[in-house]
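Enquirer: First to last, the sequence lines map onto chains A and B. According to numbering that gives the first Met the number 0, the first sequence is numbered sequentially starting from 0. According to numbering that gives the first Met the number 0, the second sequence is numbered sequentially starting from 0. Using N, Cα and C, we set each Cβ at its ideal position, and we do this for glycine too. Can you keep this structure in mind? I'll have questions shortly.
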Amino acid sequence: MIEKEKLKEYAHKLMFDMDEEEYQTLQEEFDVILEQMELIEKIPNIKEVEPMTFPFPLEEAALREDEIGDYLTVDEVLSNVKHQVRDQVKVPKVVE
Amino acid sequence: MDYRHKTIKELKQDLIDEKTTSEELFKEANELAHKYQDEYNSFVTIIDKYKKRAKNDSMINGIPYAIKDNFSTSNILTTASSNILKDYIPVYDATVYKKLKINGGVLVGKTTLDELAMGGTGTTAHTGVVKNPWDKKRLIGGSSAGSASAVSLGIVPFSIGSDTGDSIRKPASFGGIVGFKPTYGRISRYGLFAFASSLDHVGCFTRNVEDAAIVTDILKGHDPLDMTTLKDEDIKYSEHLDDDIKGKKLFYIKEICNIEGYEDENIKKTFKEFYKLVDKLKEEGFIVEEVSFDENLLNAIYPTYMTISCAEATSNNANLTGIQFGPRPKGDSIDEIMFNARTEGFSELIKRRFILGSYILQKENQDKLFLNACRIRRLIVDKMNELFKEYDGLILPASGSFAPTFDASSERLNPKATVLENHMAIANFGGFPSITLPMYYNNNLPVGINLTGKVRDDKTVLNMAKKIEDIVNLKNKVAGDENV
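What follows is the structure, encoded as structure tokens:
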């Protein structure tokens with residue numbers, strides 16, 4: 000069984016936490032998940048296959064020209080920011 | 000005929016004949032949305048004020064519709080059904096929403112989804128569960144749960160959803176309606192909150208195949224804001240629905256369709272109906288053949304999907320920090336604010352998926368899990384493309400049976416049933432166009448049939464689906480209809 004501390008480490012890397020009970024449930028579930036994952040390793044000669052990260056080759060995909068397109072105003076950018084000061088996002092001091 | 004049963008075309012004709020107005024249609028849809036909201040929870044936001052729209056000849060001009068709450072809609076609350084975005088009001092429009100506005104569609108509401116579109120049950124939204132219009136004890140499926148229920152209830156003739164594993168096509172099956180996701184890149188994803196970018200598709204729900212073609216005709220096309228979109232096609236799918244299908248070749252997968260492999264009587268019943276349909280398709284001119292597919296690959300569909308989607312999701316959702324938008328909890332440092340925002344903002348289920356994604360992406364697991372999943376994805380897609388050299392489509396039941404109840408036992412599915420319930424992810428792996436439509440009713444509960452075709456050949460998929468719909472003869476049903 001995967002260690003609970005490991006699960007906590009993975010959660011903290013993604014910057015969140017769960018309560019003890021939730022970790023307990025996940026720990027129990029993880030065995031089932033890992034068992035499912037083993038099916039991935041059962042395919043013979045899998046290492047010879049090139050990993051696929053996109054559904055199909057897209058010949059027409061091209062980067063756009065580096066020209067200014069539509070953009071948001073400062074007011075728009077800040078419209079969902081809860082703490083702001085002088086047109087900037089306010090956060091706790093980062094330099095002592 | 001009442002509003003709830005009408006097609007887009009019929010509503011359009013009523014508008015042309017001045018039998019009704021767009022405002023009256025909106026009022027009708029709005030009243031229905033409120034009437035059913037407490038019972039079914041289709042919406043996160045119901046629009047109450049009719050807005051004047053652009054007038055033009057578009058087929059959807061003046062027609063009410065709903066859109067999933069993970070599409071950016073400027074000045075309209077967009078939550079992705081998550082607490083971390085519960086107050087978020089976007090400042091820009093998703094391309095699909097912009098197109099719907101330009102065409103004069105009338106927005107009725109933003110629909111409920113599984114939190115951040117990561118789920119298949121419609122039970123994990125921050126505003127509560129979505130219920131199945133055919134039976135309130137059952138789920139409608141997800142993640143596009145509210146979009147499916149809104150169409151199934153007859154609130155709107157069409158709605159927009161997103162589909163990463165089967166998030167349009169499974170709820171369509173459980174709701175007795177049509178759910179179509181076209182080829183990857185056919186419809187822009189700009190403004191859709193990303194779940195797993197290499198698998199995410201935009202699509203629609205309707206109550207008949209023609210309406211799905213009409214909506215797709217409007218939404219498709221290259222978008223400079225989404226570099227993965229395909230070039231425009233100079234054809235309208237809705238004008239090719241009655242093309243002759245004689246000689247079109249379909250296949251089904253032997254290992255999935257072996258009735259003897261299942262103990263559940265309802266699954267057996269589904270396959271009996273499936274084989275009856277196959278016979279009818281043959282009578283109508285389709286060639287339908289059984290094809291064998293490597294069982295190891297079939298068994299790997301679900302873990303491959305989970306591996307790729309969870310890994311991509313952990314990265315895509317890194318922007319949810321509580322700093323630029325979302326709640327701003329207390330914290331003495333930026334890190335602490337982000338940590339608290341994410342701890343408070345995500346539900347337990349989402350966290351579990353993220354932790355799985357984190358595990359998969361650990362250095363020691365990357366090759367063993369993530370890259371191997373990407374390798375299996377290629378093997379499955381290569382096999383499908385090889386079959387598509389000979390066949391025009393894959394046909395399979397969209398689900399083993401009707402929608403499960405909310406309290407259904409969570410006992411683990413046997414491996415065969417797991418494949419049966421998850422095979423539609425194949426179409427996401429390869430970006431294949433794929434559509435679900437009603438196949439039969441079991442005790443007044445719908446079960447869908449799924450048809451998947453060649454990449455870029457959306458026209459043929461819709462054409463064949465229309466023929467299947469004619470044969471099955473279960474279109475335009477609204478939940479509660481009798482004698483189905």
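(1) Please confirm whether MET117 of chain B has its beta-carbon closer than 8 Å to some beta-carbon of chain A.
(2) So which residues on chain B does ARG85 of chain A lean against when the C-beta distance must stay under 9 Å?
(3) Relative to the C-alpha of GLY289 of chain B, which residue among B:THR306, B:ALA299 and B:CYS256 is closest?
(4) Distance, Cα to Cα, LEU62 of chain A vs PHE15 of chain A?
(5) I need the DSSP call for GLY479 of chain B, collapsed to helix, strand or coil.
(6) Quick one: which chain A residues come within Cβ less than 9 Å of ASP68 of chain B?
(7) Among the residues of its own chain, which have a CB less than 6 Å from the CB of VAL485 of chain B, if the five just before and after it don't count?
(8) Bridge partners for LYS130 of chain B per DSSP, in chain order?
(9) Please list the partners that ALA299 of chain B has in chain A, where partner means a Cβ-to-Cβ separation under 7 Å.
(10) Which residues does DSSP list as the beta-bridge partners of ASN441 of chain B?
(11) Could you tell me if ALA340 of chain B is buried or exposed, where buried requires 16 or more neighbouring beta carbons within 10 angstroms of its beta carbon?
(12) Could you give the distance in angstroms between the alpha-carbon of ILE88 of chain B and the alpha-carbon of PHE70 of chain B?
(13) Return the CA-CA distance between MET117 of chain B and PHE401 of chain B, expressed in angstroms with no decimal places.
(14) What's the call for MET463 of chain B, buried or exposed, on a 16-neighbour Cβ count within 10 Å?
(15) Which word fits TYR70 of chain A, buried or exposed, when buried means at least 16 other C-beta atoms lie within 10 angstroms of its C-beta?
(16) At the 8 Å Cβ level, is ARG411 of chain B part of the contact set with chain A, yes or no?
(17) Residue range of the alpha helix (DSSP H) that SER151 of chain B falls in?
(18) What would DSSP say about GLN23 of chain A, mapped onto helix, strand or coil?
(19) Considering only residues of the same chain and omitting the five flanking positions on each side of SER237 of chain B, which have a CB-CB separation below 7 Å?
(20) Taking 8 Å as the threshold (beta carbon to beta carbon), is ILE75 of chain B in contact with chain A?
(21) Between the alpha carbons of ASP263 of chain B and ASN475 of chain B, how many angstroms are there, rounded?
(22) Within its chain, find whatever has a CB closer than 7 Å to the CB of ALA193 of chain B; leave out the 5 residues flanking it on each side and keep chain order.
(23) Does the beta-carbon of PRO302 of chain B have 16 or more other beta-carbons within 10 angstroms, so that it is buried, or is it exposed?
(24) Is DSSP giving TYR64 of chain B helix, strand or coil here?
(25) Measure the Cβ-Cβ separation of GLN83 of chain B and PRO445 of chain B and say whether it is below 8 Å.
(26) For the pair the segment 369-383 of chain B and the segment 90-108 of chain B, tell me if three or more CB-CB distances fall below 8 Å.
(27) Note down, in chain order, all residues in the segment 2-20 of chain A with a beta-carbon under 7 Å from any beta-carbon belonging to chain B.
(28) Measure the CB-CB distance between MET423 of chain B and GLU272 of chain B and report whether it falls below 8 Å.
(29) Interface residues of chain B around MET0 of chain A at Cβ under 8 Å?
(30) Give me the residue from A:GLU40, A:HIS11, A:TYR22 and A:ASP18 with the minimum Cα distance to GLU2 of chain A.
(31) Mind the definition here: the segment 39-49 of chain B touches the segment 74-82 of chain B only if three or more C-beta pairs lie below 8 Å; say whether that holds.
(32) DSSP state of GLN83 of chain A, grouped into three classes?
(33) Step through the CB atoms of chain A and report whether any lies within less than 8 Å of the CB of ASP480 of chain B.
(34) My guess is that ILE258 of chain B and PHE270 of chain B are in contact by the Cβ rule of under 8 Å, so how many angstroms apart are they, rounded?
(35) When the Cα of ARG206 of chain B is compared with those of B:SER81, B:SER332 and B:TYR64, which residue comes out closest?
Expert: Reading it off the structure:
(1) Taking Cβ atoms only, chain A never reaches closer than 8 Å to MET117 of chain B, which makes this a no.
(2) In chain order: nothing, as chain B lies at least about 16 Å away.
(3) Note that residue 289 of chain B is Glu in the sequence shown here, rather than Gly. Residue B:CYS256 is the option with its Cα nearest to GLU289 of chain B.
(4) 35 Å
(5) coil
(6) Under the 9 Å cutoff, chain A gives no residues; its nearest Cβ is about 16 Å from ASP68 of chain B.
(7) Only positions 0 to 483 of chain B appear in the structure, and residue 485 of chain B is not among them; the question remains open.
(8) Paired residue(s): B:LEU138.
(9) Those within 7 Å of ALA299 of chain B in chain A are LEU38, ILE39 and ILE42.
(10) B:LEU444
(11) buried
(12) 11 Å
(13) 21 Å
(14) buried
(15) exposed
(16) Confidence at ARG411 of chain B is low in this model, with a pLDDT of 45, below 50, so its placement is unreliable and no value can be given for it.
(17) 144-151
(18) In this structure, GLN23 of chain A counts as helix in the three-state DSSP scheme.
(19) GLU209, ALA212, ILE213 and ASP216
(20) no
(21) Taking the straight line joining both Cα atoms gives about 29 Å.
(22) ASP199 and ASN315
(23) buried
(24) strand
(25) Here residue 83 of chain B is Ile; the residue named in the question, Gln, does not match the sequence. In this structure, PRO445 of chain B does not lie closer than 8 Å to ILE83 of chain B by Cβ.
(26) No contact exists between the segment 369-383 of chain B and the segment 90-108 of chain B.
(27) Contact annotation: in the segment 2-20 of chain A, residues whose CB is within less than 7 Å of a CB in chain B are LEU6, TYR9, ALA10, LYS12, LEU13, MET14, PHE15, ASP16 and MET17.
(28) Not a contact, by the Cβ cut-off of 8 Å.
(29) In chain order: nothing, as chain B lies at least about 14 Å away.
(30) A:TYR22
(31) yes
(32) GLN83 of chain A falls in the strand class under three-state DSSP.
(33) No, no contact with chain A.
(34) 5 Å
(35) B:TYR64
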